[in-house]
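J.: First, the structure itself, so that you have it in front of you.
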Amino acid sequence: MDEPVPVYRIKLLGVPKIRGRRRRGKSYMPWTAAAAVALLVFAGGWLYLNFFGAPASANVPSIAVLAFDNMSDDPSLGYFSDGVSEDIIAGLARAPDLSVIARNSSFAYKGKPTDVRQIGKELNVSYVLEGSVRKHADQVRIVAQLINAKTGAHVWAERFDQSGNNPMALQDAITERIVGAISSNTGQLKRSRYGEAWSKDAASLEEYDYYLRGHDKFMQFTPQGMEEAFQIWAEGMAKFPDSALLKLKMGFLHYARAINGWSQDTKEDLRRVGELAKQGMASDNLSSLERKMGHWLLAYANLVERESKNALREAEAAIALAPNDAFMVGMLAEVAAAAGDIDKAVSWTDLGIRNDPANPMLVFMKGFVLTAGGRYQESDEAMKTLGDWFAGIPLVRSINAVNLGRIDEAKNQTKKALELDPSWTAEKWRQLTFSTTTF
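Right, here's the structure in full:
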């Protein structure tokens with residue numbers, strides 16, 4: 006490193022604290038520490054994996070949810086399987102980048118042995134969700150299958166088990182999990198669309214295709230991948246100069262490039278974040294998806310400017326447009342933490358983890374917001390299953406250890422962080438975390 010960074014001087018914890026709602030008897034991690042660790046999250050390469058959605062156009066995937074079959078011994082429980090299907094339709098209908106066929110049309114096939122491909126043609130949908138419900142006493146098992154309506158191929162299948170003596174609570178819990186698995190930013194529908202964009206010739210590429218191709222490169226999280234994504238999206242913007250979607254995506258790219266240390270001009274990249282967010286939101290006839298993306302990007306633009314209250318308002322606006330996007334809700338928890346509302350931050354991460362339990366980024370985010378709230382022991386517990394796959398994890402553990410009086414452990418964790426990313430000097434810390442303190 007260009008400058009020594011002794012672990013035993015964590016000055017982050019000595020600056021003015023966040024103002025806002027607080028838990029009685031608890032102190033909050035100061036803004037500079039919260040912002041610093043939050044931005045290291047991005048540097049890990051996870052936050053931007055699935056930041057983007059599809060525009061409201063003909064390319065938006067469409068889906069029909071068929072009435073789930075009642076496999077219970079009691080045929081009178083058909084109301085329960087119908088209720089699950091109806092709730093899934095309602096939940097998916099709130100996804101801004103998905104077109105959902107109304108109940109009356111999809112339920113017309115109830116009890117009929119109709120081919121999925123035929124249903125796709127008749128309802129003009131890309132996907133069909135079918136399934137079954139088996140309820141016995143306080144146990145419920147639901148099997149859901151997502152099928153490509155054009156090919157008849159299974160895209161995804163999952164079994165959901167839930168127990169309890171409140172039928173409505175069971176229905177709500179399982180529905181939430183299914184909707185999140187399908188429609189979130191890490192959901193199955195998005196994953197199934199990427200290959201289609203690369204199969205098209207350049208002359209026929211639409212706005213959504215540029216999104217998908219660029220996102221595929223963006224997900225690699227390398228300097229080369231970022232540059233390739235930039236070129237794809239720049240080409241798309243040249244072809245679709247009024248595209249709010251592409252402007253917003255470019256904003257995310259500028260931000261990712263800056264905070265990962267890949268920028269040739271960090272200040273300019275960060276300036277472009279807010280600029281592109283505002284340009285995207287100023288476009289006429291925004292879809293609900295574009296509004297969601299715009300509020301999401303504005304939340305982080307405000308976070309960069311340390312306007313935590315404005316950032317929280319933007320985060321809440323994004324969530325209001327896509328409350329079932331588990332990944333987005335969970336990741337926006339850091340905004341709530343920066344605004345001082347740790348309880349809200351934890352609840353948002355809990356929602357994300359509940360509906361996307363295999364995503365380690367959400368688990369890390371819970372640990373981060375707990376640390377931001379001064380709940381160091383809880384943070385340690387939340388993160389105990391995480392491997393050190395990026396520098397932010399041992400860094401947060403180091404902060405926890407210092408505040409729990411485990412200085413040797415803190416030194417070791419800081420050493421791990423620097424081994425994972427030795428480029429972090431004190432100057433780079435100040436530049437990319439907007440902090441004047443070092444540790």
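So the mapping is simple: the working numbering equals the position in the sequence shown, first residue as 1, plus 5. Glycine included, every Cβ here is placed at the ideal spot set by N, Cα and C.
For the beta strand (DSSP E) holding aspartate 166, just list the boundary residues, first then last.
T.: The residue you call residue 166 lines up with position 161 of the sequence shown. Looking at the DSSP string, the run of the beta strand (DSSP E) that includes aspartate 166 is 159-168.
J.: Starting from aspartate 74, follow its DSSP beta bridges and name the residues at the other end.
T.: Within the sequence shown, the letter at position 69 stands for residue 74. In the DSSP output, where bridge partners are listed per residue, aspartate 74 has Ser137.
J.: Short of 7 Å in beta carbon distance, which residues of its chain neighbour glutamate 233, apart from the five on each side in sequence? Order them along the chain.
T.: Here residue 233 refers to the residue found at position 228 when the sequence shown is read from its first residue. The answer, listed in chain order, is Lys222.
J.: Restricting to Cα atoms, I'd like to know which of His259, Leu275, Leu210 and Gly345 is closest to alanine 243.
T.: Within the sequence shown, residue 243 is the residue found at index 238, counting from 1. Checked all of His259, Leu275, Leu210 and Gly345; the closest Cα to alanine 243 is Leu210.
J.: Rounded to whole angstroms, what is the Cα-Cα separation between lysine 252 and glutamate 280?
T.: One-based indexing of the sequence shown puts residue 252 at position 247. One-based indexing of the sequence shown puts residue 280 at position 275. Rounded to the nearest angstrom, the two C-alpha atoms are 9 Å apart.
J.: For glutamate 319, which residues in the same chain have their Cβ closer than 7 Å to its Cβ, ignoring the five residues on either side in sequence?
T.: For the purposes of this step, residue 319 is identified with residue 314 of the sequence shown, where counting begins at 1. Within the same chain, glutamate 319 has close Cβ partners His300, Leu303, Ala304 and Asn307.
J.: Determine the direct distance from the alpha carbon of alanine 338 to that of serine 293, and round the result to whole angstroms.
T.: To locate residue 293, count along the sequence shown from 1; it is residue 288. To locate residue 338, count along the sequence shown from 1; it is residue 333. Looking at the two C-alpha atoms, the distance is approximately 21 Å.
J.: Excluding the 5 residues preceding and the 5 following lysine 297 in the sequence, name in chain order all residues of the same chain whose CB lies nearer than 6 Å to its CB.
T.: Mapped onto the sequence shown, residue 297 falls at position 292. Cβ within range, chain order: Pro101, Ala323, Leu326 and Ala327.
J.: Between Gln269, Ser189 and Tyr215, which has its C-alpha nearest proline 228's C-alpha?
T.: As a working mapping, residue 228 is identified with position 223 in the sequence shown. Nearest of Gln269, Ser189 and Tyr215 to proline 228, Cα basis: Gln269.
J.: Mapping DSSP to helix, strand and coil, what is leucine 317?
T.: Translated into positions along the sequence shown, residue 317 becomes position 312. Leucine 317: helix per DSSP, three-state reduction.
J.: Using alpha carbons as the reference points, say which of Gly410, Asp74, Asp355 and Val105 lies closest to proline 66.
T.: As a working mapping, residue 66 is identified with position 61 in the sequence shown. With distances taken between Cα atoms, proline 66 lies closest to Val105.
J.: Do the segment 152-159 and the segment 182-190 touch if we need at least three Cβ pairs shorter than 8 Å?
T.: Taking 8 Å as the limit for Cβ pairs, the verdict is that the segment 182-190 does not touch the segment 152-159.
J.: Around the Cβ of tyrosine 199, are there at least 16 other Cβ atoms within 10 angstroms (buried) or fewer (exposed)?
T.: The sequence position of residue 199 within the sequence shown is 194, counting from 1. Label assigned to tyrosine 199: exposed.
J.: Roughly how far, in whole angstroms, is the beta-carbon of alanine 387 from the beta-carbon of serine 403, given that I think they are within contact range, below 8 Å?
T.: The count along the sequence shown starts at 1 and reaches residue 387 at position 382. The count along the sequence shown starts at 1 and reaches residue 403 at position 398. Not confirmed; about 16 Å, so no contact.
J.: Put tryptophan 51 into one of helix, strand or coil per three-state DSSP.
T.: For the purposes of this step, residue 51 is taken as residue 46 along the sequence shown, with counting starting at 1. Per-residue confidence for tryptophan 51 stands at a pLDDT of 37, beneath the threshold of 50, marking its modelled position as unreliable; the derived number appears in the next sentence. DSSP places tryptophan 51 in coil when its eight states are reduced to three.
J.: Does the beta-carbon distance from phenylalanine 73 to glycine 116 come in below 8 Å?
T.: Translated into positions along the sequence shown, residue 73 becomes position 68. Translated into positions along the sequence shown, residue 116 becomes position 111. Against a cut-off of 8 Å, the Cβ pair of glycine 116 and phenylalanine 73 comes out as no contact.
J.: Tell whether a beta-carbon distance below 8 Å holds between lysine 254 and tryptophan 238.
T.: Taking the first residue of the sequence shown as 1, we reach residue 254 at position 249. Taking the first residue of the sequence shown as 1, we reach residue 238 at position 233. Yes.
J.: Under a Cβ-count criterion, where at least 16 other Cβ atoms within 10 Å of its own Cβ denotes burial, should alanine 261 be classed as buried or exposed?
T.: In the sequence shown, the residue the question calls residue 261 occupies position 256. Buried.
J.: Taking contact to mean 3 or more Cβ pairs, one atom from each stretch, closer than 8 Å, check whether the segment 352-368 and the segment 206-220 are in contact.
T.: No contact exists between the segment 352-368 and the segment 206-220.
J.: Just to confirm, is the Cβ distance from leucine 317 to glycine 335 under 8 Å?
T.: Sequence index remark: in the sequence shown, residue 317 carries index 312 (1-based). Sequence index remark: in the sequence shown, residue 335 carries index 330 (1-based). The answer is no: Cβ separation not under 8 Å.
J.: The beta strand (DSSP E) that contains asparagine 153, what's its start and end?
T.: Counted from its first residue, the sequence shown places residue 153 at position 148. Unbroken beta strand (DSSP E) run through asparagine 153: 144-153.
J.: Please classify valine 130: does DSSP put it in a helix, a strand, or coil?
T.: Start at 1 with the first residue of the sequence shown, and residue 130 comes out as number 125. Of the three classes helix, strand and coil, the one that applies to valine 130 here is coil, per DSSP.
J.: Let me know the secondary structure DSSP gives serine 384 once reduced to three states.
T.: On the sequence shown, residue 384 is found 379 positions in, with the first residue counted as 1. It is helical.
J.: If I follow the unbroken alpha helix (DSSP H) through threonine 227, where does it start and stop?
T.: The residue given as residue 227 occupies position 222 in the sequence shown. That residue, threonine 227, is in no alpha helix (DSSP H); it is neither H nor E in DSSP.
J.: Give the DSSP-derived three-state secondary structure of alanine 288 in the structure shown.
T.: Numbered from 1 along the sequence shown, position 283 holds the residue referred to as residue 288. According to the sequence displayed, residue 288 carries serine and not alanine. Residue state, collapsed to three classes: coil.
J.: Are aspartate 330 and serine 189 close, meaning C-beta to C-beta below 8 Å?
T.: Within the sequence shown, numbered from 1, the residue matching residue 330 stands at position 325. Within the sequence shown, numbered from 1, the residue matching residue 189 stands at position 184. Closer than 8 Å, so yes.
J.: Do threonine 354 and leucine 367 come within 8 Å of each other at the CB atom, strictly closer than that value?
T.: Here residue 367 refers to the residue found at position 362 of the sequence shown. Here residue 354 refers to the residue found at position 349 of the sequence shown. It is a contact, given that the beta carbons lie within the stated cut-off.
J.: Based on the DSSP output, what are the partners of valine 407 in its beta bridges?
T.: Here the question's residue 407 lines up with position 402 in the sequence shown. Per DSSP, none; premise fails for valine 407.
J.: Can you grab the Cα-Cα spacing for the pair leucine 409 / tyrosine 381, in whole Å?
T.: Position 404 of the sequence shown, counted from the start, is the residue given in the question as residue 409. Position 376 of the sequence shown, counted from the start, is the residue given in the question as residue 381. Cα to Cα, leucine 409 sits roughly 7 Å from tyrosine 381.
J.: Going by DSSP, what residues sit across from valine 105 in a beta bridge?
T.: Against the sequence shown, residue 105 aligns to sequence position 100. The partner list for valine 105 (beta bridge, DSSP) reads Ile68.
J.: What residues in its chain sit with their C-beta under 6 Å from that of methionine 76, if we drop five residues either side in the sequence?
T.: By 1-based counting over the sequence shown, the position of residue 76 is 71. Answer for methionine 76: Ser137 and Arg139, listed in chain order.
J.: With a CB to CB cut of under 8 Å and the five nearest residues on each side skipped, what residues in its chain are close to glutamate 240?
T.: Here the question's residue 240 lines up with position 235 in the sequence shown. Within the same chain, glutamate 240 has close Cβ partners Tyr215.
J.: Out of Phe373, Ala142 and Val340, which one is the CA nearest neighbour of aspartate 78?
T.: If you number the sequence shown from 1, residue 78 lands on position 73. Selected option, being the one with the closest Cα: Ala142.
J.: Are isoleucine 124 and alanine 69 touching if we call contact CB-CB under 8 Å?
T.: Taking the sequence shown and counting its residues from 1, one reaches residue 124 at position 119. Taking the sequence shown and counting its residues from 1, one reaches residue 69 at position 64. Yes. Within cutoff.
J.: Buried or exposed: where does glycine 454 fall if 16 or more other Cβ atoms within 10 Å of its Cβ makes it buried?
T.: The chain is shown from 6 up to 444; residue 454 falls before or after that span and cannot be answered.
J.: Among the candidates Phe257, Gly169 and Val130, whose CA atom is the shortest distance from the CA of leucine 194?
T.: Within the sequence shown, numbered from 1, the residue matching residue 194 stands at position 189. For leucine 194, the nearest C-alpha among the options comes from Val130.
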